[in-house]
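**Q**
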Amino acid sequence: MGSNEHPDLFDTVNTPPIELTAGARVLPGFATQAVGNLLLLEIEEIFRQSPTRQMVTPGGRKMSVGMSNCGHFGWVSDSSGYRYSPIDPISGLPWPAMPKHWLELAQEAAAVGGYDDFIPDACLINRYAVGARMGLHQDRDERNLNAPIVSISLGLEATFLFGGLKRSDRYRRIRLRHGDVVVWGGPSRLAFHGVAPLPAGSHPLTGPYRYNLTFREAGVRQPEDGE
Ligand code: MD3
Ligand code: FE
280 MGSNEHPDLF DTVNTPPIEL TAGARVLPGF ATQAVGNLLL LEIEEIFRQS PTRQMVTPGG
340 RKMSVGMSNC GHFGWVSDSS GYRYSPIDPI SGLPWPAMPK HWLELAQEAA AVGGYDDFIP
400 DACLINRYAV GARMGLHQDR DERNLNAPIV SISLGLEATF LFGGLKRSDR YRRIRLRHGD
460 VVVWGGPSRL AFHGVAPLPA GSHPLTGPYR YNLTFREAGV RQPEDGE
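One gets this note's numbering by counting positions in the sequence shown from 1 and adding 279 to each.
#1: Output yes or no for whether 8 Å exceeds the beta carbon distance between SER364 and VAL335.
#2: Are the beta-carbon atoms belonging to GLY434 and TYR490 less than 8 Å from one another?
#3: Report yes if the C-beta distance between GLY345 and TRP374 is below 8 Å; otherwise report no.
#4: Quick one: give me the first and last residue of the beta strand (DSSP E) that VAL406 is part of.
#5: Which residue or residues does DSSP assign as beta-bridge partners of MET413?
#6: CA-CA distance, ALA426 and LEU469?
#7: I'd like to know whether the C-beta atoms of PRO483 and GLY302 end up nearer to each other than 8 Å.
#8: Quick one: residues in its chain with C-beta nearer than 6 Å to the C-beta of ARG451, no 5 flanking neighbours on either side, listed in chain order?
#9: Comparing alpha-carbon positions, which option in SER343, GLU387, ARG332 and LEU415 lies nearest VAL355?
#10: Kindly provide the ranges of any alpha helix (DSSP H) runs that are 4 or more residues long and lie completely inside the region 332-399, ordered along the chain.
#11: In this structure, does DSSP put ASN425 in helix, strand or coil?
#12: Within 7 Å: the Cβ of ALA470 and any heavy atom of the ligand MD3?
#13: Which term fits ARG495, buried or exposed, when burial requires 16 or more other beta carbons within 10 angstroms of its beta carbon?
#14: Quick one: give me the first and last residue of the alpha helix (DSSP H) that GLU298 is part of.
#15: Within 10 angstroms of the Cβ of PRO307, are there 16 or more other Cβ atoms? Answer buried if so, exposed if not.
#16: Given this structure, state the Cα-to-Cα distance separating ILE453 from PRO476, to the nearest angstrom.
#17: Does DSSP put GLY486 in a helix, in a strand, or in coil?
Below, the structure written as structure tokens:
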């Protein structure tokens with residue numbers, strides 16, 4: 280760890296990207312302690328407008344992860360399927376705006392990970408409490424499957440499961456820690472992946488929770504949206 284007591288702030292910031300597999304790069308500690316703190320405050324603000332909810336899969340099962348979104352589109356699931364929606368079905372209002380520095384952080388990470396011109400219009404915010412998990416799945420509800428997905432992990436560590444292009448392919452286990460950013464693109468974009476049940480724990484910043492932000496190019500934006 281070195282001579283200081285602040286590993287998140289000093290030791291991992293300049294760690295070079297680690298290639299997990301073709302197209303997937305881990306940026307350990309790319310979201311530093313200070314950035315992580317700010318993200319957590321803003322997550323709380325987003326949850327005031329669009330609270331976390333346990334969505335129901337088309338098969339009728341309640342997901343264990345609490346979810347919300349910000350940005351032009353949000354990922355939703357209910358009995359009629361998975362989709363991106365500009366409206367939060369709970370509040371009846373548009374999802375909270377994506378904070379500008381979130382967009383910039385995601386774009387910087389994408390660029391370091393090898394993807395220029397990433398313009399995410401959706402950020403799914405997952406909150407894991409003890410025991411929450413995510414079964415193996417692919418992310419393929421997005422408009423632009425050539426665009427990467429950028430994920431930021433905050434709070435408690437989790438074991439991420441990273442498989443291949445077939446559900447039955449072997450998967451690796453990867454620990455994702457507070458501040459780790461991963462860029463998933465190219466051949467890894469349609470890889471099956473999931474998260475093992477979150478063990479009980481307490482993180483100095485998030486208490487009993489793990490948060491994960493995923494930035495996506497989800498939908499078709501209308502010209503009147505501006506920018
Ligand atoms: C690999 N979230 O929200 S982030 C999801 O930790 C999701 O909450 C997990 O899977 C979480 O859909 C994992 C890492 C991640 C996200 C998207 C990917 C890995 C990916 C898309 C393709 C391949
Ligand atoms: Fe996913």
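For each residue, glycine too, the CB sits at the ideal point set by N, CA and C.
**A** Taking the coordinates as given:
#1: no
#2: yes
#3: no
#4: Reading the sequence as shown, one finds Arg at residue 406 and not Val. Under the DSSP assignment, ARG406 falls in the beta strand (DSSP E) whose first and last residues are 401-407.
#5: The partner list for MET413 (beta bridge, DSSP) reads VAL474.
#6: Approximately 11 Å, taken between the alpha carbons.
#7: no
#8: PHE441
#9: ARG332
#10: 379-391
#11: coil
#12: Yes, the Cβ of ALA470 comes within 7 Å of a heavy atom of the ligand MD3.
#13: buried
#14: Here GLU298 belongs to no alpha helix (DSSP H); instead the beta strand (DSSP E) covers 297-300.
#15: buried
#16: 13 Å
#17: strand
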